[in-house]
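Visitor: Note that our numbering has the sequence shown beginning at 6, numbered continuously upward. Can you keep this structure in mind? I'll have questions shortly.
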Amino acid sequence: MTHQALVDQIKKKQSFLCVGLDVDLAKIPAFLLDYDDPIFEFNKRIIDATKDLCVAYKPNIAFYECHGSKGWEALEKTMNYIPDEIFTIADAKRGDIGNTSHYYAKTFFEYLNFDAVTVAPYMGVDSVTPFFEYENKWVILLALTSNKGALDFQFTTDIKGEKLFEKVLKKSAEWGDESKLMYVVGATRSEAIGDVRALTPKHFFLVPGVGAQGGSLADVANYGWNDDCGLLVNSSRGIIYAGNEEDFADHSRKAAQKLQQEMKLVLQEKGFV
Numbered sequence: 006m007t008h009q010a011l012v013d014q015i016k017k018k019q020s021f022l023c024v025g026l027d028v029d030l031a032k033i034p035a036f037l038l039d040y041d042d043p044i045f046e047f048n049k050r051i052i053d054a055t056k057d058l059c060v061a062y063k064p065n066i067a068f069y070e071c072h073g074s075k076g077w078e079a080l081e082k083t084m085n086y087i088p089d090e091i092f093t094i095a096d097a098k099r100g101d102i103g104n105t106s107h108y109y110a111k112t113f114f115e116y117l118n119f120d121a122v123t124v125a126p127y128m129g130v131d132s133v134t135p136f137f138e139y140e141n142k143w144v145i146l147l148a149l150t151s152n153k154g155a156l157d158f159q160f161t162t163d164i165k166g167e168k169l170f171e172k173v174l175k176k177s178a179e180w181g182d183e184s185k186l187m188y189v190v191g192a193t194r195s196e197a198i199g200d201v202r203a204l205t206p207k208h209f210f211l212v213p214g215v216g217a218q219g220g221s222l223a224d225v226a227n228y229g230w231n232d233d234c235g236l237l238v239n240s241s242r243g244i245i246y247a248g249n250e251e252d253f254a255d256h257s258r259k260a261a262q263k264l265q266q267e268m269k270l271v272l273q274e275k276g277f278v
């Protein structure tokens with residue numbers, strides 16, 4: 006998907022919502038366990054309930070590969086079911102060098118046909134380059150995360166006072182422009198989002214942490230907005246586990262619709278729609 010196609014979807018749906026498909030068999034409604042493929046059945050119903058409200062889906066790959074071949078089959082079926090116009094993100098956090106990255110890219114961009122994959126930048130440019138070789142595919146680089154452990158490394162400073170996440174942003178911006186590179190920026194560090202935006206004014210941000218993790222949509226929009234919206238705000242647990250009975254998808258739709266309506270107001274206030 007191109008940058009412009011993504012922007013067009015945001016305008017059309019008046020939403021910058023990404024729904025995380027992190028399927029935990031211990032949390033899905035019990036009746037689904039009677040299906041041959043409960044993971045896909047769960048995803049299918051979530052997609053049917055939310056596809057008009059979101060612009061992206063983000064399966065976390067760990068929730069699939071832990072089930073071996075059946076998990077990968079459920080992921081493939083899920084990808085085939087998602088409408089073509091919706092942006093798809095493999096939340097895989099891959100990061101290795103040489104042929105390893107080449108085959109990671111091949112897996113997610115050719116075999117599964119994702120639009121984007123999350124990548125860890127710690128090993129440098131040669132760990133990321135293979136993902137850039139695919140036309141209209143995206144790298145989403147870990148930049149500033151929401152977890153407590155982010156403080157262990159991301160905010161450490163060098164002798165010049167530059168934080169590690171700032172160094173990552175400055176260097177990686179040389180590798181890819183806003184047409185193929187996004188950044189993961191956690192919602193729970195709202196003021197730091199402004200620091201990231203100052204260093205990468207044109208790139209899209211994938212923003213986890215709104216909802217169950219306590220991040221504020223208003224703060225994200227305040228600090229992270231750019232002329233193209235520049236935001237994909239992810240919600241996983243707050244949407245997909247909003248209900249736990251046979252009507253769970255109806256509850257998921259209500260949760261997604263609540264976020265979409267808040268996003269619509271942001272887009273209107275910014276004069277984007």
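Where a beta carbon is used, it is the ideal one built from N, C-alpha and C, also for glycine.
Assess, as a yes-or-no matter, whether the segment 8-19 is touched by the segment 79-86 under the definition of 3 or more beta carbon pairs within less than 8 angstroms.
Guide: With the cut-off at 8 angstroms, the segment 79-86 and the segment 8-19 do not touch.
Visitor: Are Glu250 and Pro43 touching if we call contact CB-CB under 8 angstroms?
Guide: It is not a contact, given that the beta carbons lie outside the stated cut-off.
Visitor: Quick check on Thr161: buried or exposed, where buried means 16 or more other Cβ atoms within 10 Å of its Cβ?
Guide: Exposed is the call here.
Visitor: Taking Cβ positions, are Val124 and Leu149 nearer each other than 8 angstroms?
Guide: The answer is no: Cβ separation not under 8 angstroms.
Visitor: If I measure Cβ to Cβ from Gly199 and keep anything under 6 angstroms in the same chain, skipping five residues before and after, which residues do I get?
Guide: Closer than 6 angstroms at the Cβ level, and outside the excluded window around Gly199, lie Tyr228.
Visitor: In chain order, which continuous runs of the alpha helix (DSSP H) of length 4 or greater are located wholly inside the segment 106-169?
Guide: You should have 130-133 and 155-158.
Visitor: What's the C-alpha gap between Pro64 and Asp27?
Guide: Straight-line Cα distance between these residues: approximately 6 angstroms.
Visitor: Please work out which residues of its chain come closer than 6 angstroms, Cβ to Cβ, to Tyr139, disregarding the five sequence neighbours upstream and downstream, and give them in chain order.
Guide: Within the same chain, Tyr139 has close Cβ partners Phe114.
Visitor: Looking at the structure shown, is Lys63 part of a helix, part of a strand, or coil, going by DSSP?
Guide: Correct three-state label for Lys63: strand.
Visitor: In whole angstroms, what separates the C-alpha of Lys175 from that of Ala223?
Guide: Those two C-alpha atoms are separated by around 26 angstroms.
Visitor: Are the beta-carbon atoms of Asp57 and Lys18 separated by less than 8 angstroms?
Guide: Going by C-beta atoms, Asp57 is nearer than 8 angstroms to Lys18.
Visitor: What number of angstroms, rounded off, separates the C-alpha of Phe68 from the C-alpha of Gly76?
Guide: Each residue's Cα considered, the two are about 8 angstroms apart.
Visitor: Just checking my contact of Ala97 with Met187 at CB under 8 angstroms: how many whole Å lie between their CB atoms?
Guide: Going by Cβ atoms, the distance from Ala97 to Met187 rounds to 14 angstroms, so no, they are not a contact pair.
Visitor: Note the first and the last residue of the continuous beta strand (DSSP E) segment covering Leu26.
Guide: Element bounds for Leu26: Leu22 to Leu26.
Visitor: Ala226: which of Phe137, Glu196 and Tyr246 sits nearest, CA to CA?
Guide: Checked all of Phe137, Glu196 and Tyr246; the closest Cα to Ala226 is Glu196.
Visitor: So, is Asn48 buried or exposed, given that buried needs 16 or more other C-beta atoms within 10 angstroms?
Guide: That one is buried.
Visitor: Measuring alpha carbon to alpha carbon, tell me which of His256, Arg242, Ile94 and Leu270 ends up nearest Asn118.
Guide: The candidate whose alpha carbon is nearest that of Asn118 is Ile94.
Visitor: What are the residues that DSSP puts in a beta bridge with Arg99?
Guide: Beta-bridge pairing links Arg99 to Val124.
Visitor: On the three-state DSSP scale, how would you describe Ile94?
Guide: Note: Ile94 maps to strand in three-state DSSP.
Visitor: When we look at the beta-carbon of Ser74 and count the other beta-carbons within 10 Å, is it buried (16 or more) or exposed?
Guide: Answer is exposed; the Cβ neighbour count stays below 16.
Visitor: Just how far apart, CA to CA, sit His72 and Tyr127?
Guide: Answer to the nearest angstrom: the Cα atoms are 28 angstroms apart.
Visitor: First and last residue of the alpha helix (DSSP H) that includes Glu37?
Guide: Here the sequence assigns Leu to residue 37, which means Glu is not the residue at that position. Here Leu37 belongs to no alpha helix (DSSP H), and DSSP marks it neither H nor E.
Visitor: When burial is assigned at 16 or more other CB atoms within 10 Å of the CB, is Ser177 buried or exposed?
Guide: That one is buried.
Visitor: Would Val215 be called buried (16 or more neighbouring beta carbons within 10 Å of its own) or exposed?
Guide: Looking at its Cβ environment, which holds 16 or more other Cβ atoms inside 10 Å, Val215 is buried.
Visitor: Which word fits Leu264, buried or exposed, when buried means at least 16 other C-beta atoms lie within 10 angstroms of its C-beta?
Guide: Leu264 is buried by the Cβ-count criterion.
Visitor: Could you spell out the range, first to last residue, of the beta strand (DSSP E) harbouring Asn239?
Guide: Where Asn239 is concerned, the enclosing beta strand (DSSP E) stretches over Leu236 to Ser240.
Visitor: Taking all protein chains shown into account, decide if Leu159 is buried (16 or more other Cβ within 10 angstroms of its Cβ) or exposed.
Guide: Note on residue identity: the sequence assigns Gln, not Leu, to residue 159. With 16 or more Cβ atoms within 10 Å of its Cβ, Gln159 is classed as buried.
Visitor: What are the boundary residues of the beta strand (DSSP E) that Val190 is part of?
Guide: Leu186 to Val190 is the span of the beta strand (DSSP E), which, as asked, contains Val190.
Visitor: For the beta strand (DSSP E) that Val212 lies in, which residues bound it at each end?
Guide: Unbroken beta strand (DSSP E) run through Val212: Phe209 to Val212.
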